[in-house]
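Comments concern the structure below.
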Amino acid sequence: MFWASRSSWDLEPDERAVARSSVLYSLVHGLPAGHGLPHRSSIRLRKSLWIYGSHVQYTGPAFGDATAGCGAALAKGLSSAEARGCAWVLLGERGERMGEAKNPEQWGAVDQFFVDRLVAQDVALEEALKTSHAAGLPLIHVAPNQGKMLQLLAKLQGARTILEIGTLGGYSTIWLARALPEGGRLVTLEAEPKHAEVARTNLARAGLSEVVELRLGPALETLPALAAEGAAPFDFIFIDADKPNNPGYFEWTLKLARVGSLIIIDNVVRDGKVADGASQDLGVQGSRRAIELMAAEPRVTATAIQTVGSKGYDGFAMAIVTS
Ligand SMILES: C[S@@+](CC[C@H](N)C(=O)[O-])C[C@H]1O[C@@H](n2cnc3c(N)ncnc32)[C@H](O)[C@@H]1O
């Protein structure tokens, strides 16, 4: 079989032709906005997304609910073990590569090595992902080792109050809420009612309904409401929603922070595009602007880190409020 037998993923032009004519060729035309494909904002310009690898058995005709890279294999019901080692390539109208994972087998294997040894996931975390996938939520949650890193940072911070922008199914919320001491609280903001409903179920299963408050609505509306209610300050803030609004989120979180608060913005590298000042991608522009705001803001000291892993090539920015 074409891609079940591949262990390397360099595609030659004639292989593209084979794939195009085969049932494995997968159109992504018409995908609803907001699904986690790379270059999400311009997905309508793209022709196809292929997923293949030595362990991937996906043979369906189309990725109606495809999400970023190998996540689509998971969306089709494969276990993470089956999907391990898969790769993706996104082709443009003329068959040219638009985005690709450079060495995803190795990144995935290394992440798996770390997760197997360092990141114990209990039933609540595993069920949170399963429930989210079953409900058709996009597979854009943090990786387990990233969730654990957020938890360790929140503990290091001694956070008693956490603000999260972008709940999805509550996976990162569970990691973060478990960093809180007795009496701590977490507020998480989500715009999509369906995501909020799934998250509430997942948080209840994790025993966190009393600790976590989920606020439904566009974050640029719920953030001012939080400020008006005097809900601040938050010791730890995780920004992980729609990337074009990252500048606004950063500005609002500064208002909701205190001296010493830690602010993390996820997914700022955007497959390396963050360095491209000419990019028309609104997510890239939002991430660039947020970094520039951090740089210009005298009240914070900040850095940003590139990462590779099971989630591809991305990274995060972090800032501490100093005055
Ligand atoms: C990347 S996902 C969050 C993933 C989650 N933090 C995790 O790792 O498990 C982004 C979420 O932000 C939500 N979102 C998008 N635009 C939003 C907005 N304007 N206000 C609040 N939430 C928004 C999306 O519906 C989605 O659930």
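Here the sequence shown stands for residues 7 to 329, where the numbers follow the working numbering.
Note that the Cβ used here is the ideal one computed from N, Cα and C, for glycine as well.
Checklist line | Opening and closing residue of the alpha helix (DSSP H) in which ALA301 lies | finding: Locating residue 301 in the sequence shown gives position 295, counting from the first residue. That run of the alpha helix (DSSP H) goes 288 to 302.
Next item on the list: Report all residues from its chain with a CB closer than 7 Å to the CB of ALA160; omit the five preceding and five following residues, and keep chain order.
Entry: Translated into the one-based positions of the sequence shown, residue 160 becomes position 154. Taken in chain order, the residues that qualify are ILE168, LEU182, ALA185, PHE242.
Item checked: Those runs of the beta strand (DSSP E) which lie wholly inside the segment 119 to 169 and span at least 3 residues -> none
Notebook entry, point to check: For LEU214 and chain C, any beta-carbon pair shorter than 9 Å?
Noted result: Within the model displayed, chain C is absent; a lone protein chain is all it includes.
Notebook entry, point to check: If you pair each beta-carbon of the segment 274 to 281 with each one of the segment 185 to 200, do three or more pairs fall below 8 Å?
Noted result: no
Checklist line | In DSSP terms, what PHE256 is bridged to | finding: Taking the sequence shown and counting its residues from 1, the one referred to as residue 256 is at position 250. According to DSSP, PHE256 bridges with nothing at all.
Notebook entry, point to check: Considering GLU235, what are the terminal residues of the alpha helix (DSSP H) in which it resides?
Noted result: By one-based count along the sequence shown, residue 235 stands at place 229. Looking at the DSSP string, the run of the alpha helix (DSSP H) that includes GLU235 is 225 to 235.
Item checked: the segment 243 to 261 contacting the segment 222 to 229, beta-carbon criterion three pairs below 8 Å -> yes
Next item on the list: Pull up the distance between the alpha-carbon of SER285 and that of ALA212, whole angstroms please.
Entry: One-based indexing of the sequence shown puts residue 285 at position 279. One-based indexing of the sequence shown puts residue 212 at position 206. Taking the straight line joining both Cα atoms gives about 41 Å.
Notebook entry, point to check: So what's VAL327 in DSSP terms, helix, strand or just coil?
Noted result: In the sequence shown, counting from the first residue as 1, residue 327 sits at position 321. The three-state secondary structure of VAL327, taken from DSSP, is strand.
Next item on the list: Could you pull the start and end residues of the beta strand (DSSP E) that LEU195 belongs to?
Entry: To locate residue 195, count along the sequence shown from 1; it is residue 189. Its beta strand (DSSP E) spans residues 191 to 196.
Next item on the list: Please confirm whether ALA126 and THR173 have their CB atoms less than 9 Å apart.
Entry: In the sequence shown, counting from the first residue as 1, residue 126 sits at position 120. In the sequence shown, counting from the first residue as 1, residue 173 sits at position 167. Not in contact: ALA126 and THR173 (Cβ atoms no closer than 9 Å).
Check: Residue range of the alpha helix (DSSP H) that SER267 falls in?
Finding: In the sequence shown, residue 267 corresponds to position 261, counting from 1. SER267 -> not in any alpha helix (DSSP H); beta strand (DSSP E) instead, spanning 263 to 272.
Note to self: Taking only three categories from DSSP, how would you classify ALA210?
What the structure shows: Within the sequence shown, residue 210 is the residue found at index 204, counting from 1. In the structure shown, ALA210 sits in a helix (DSSP, three-state: H, G or I).
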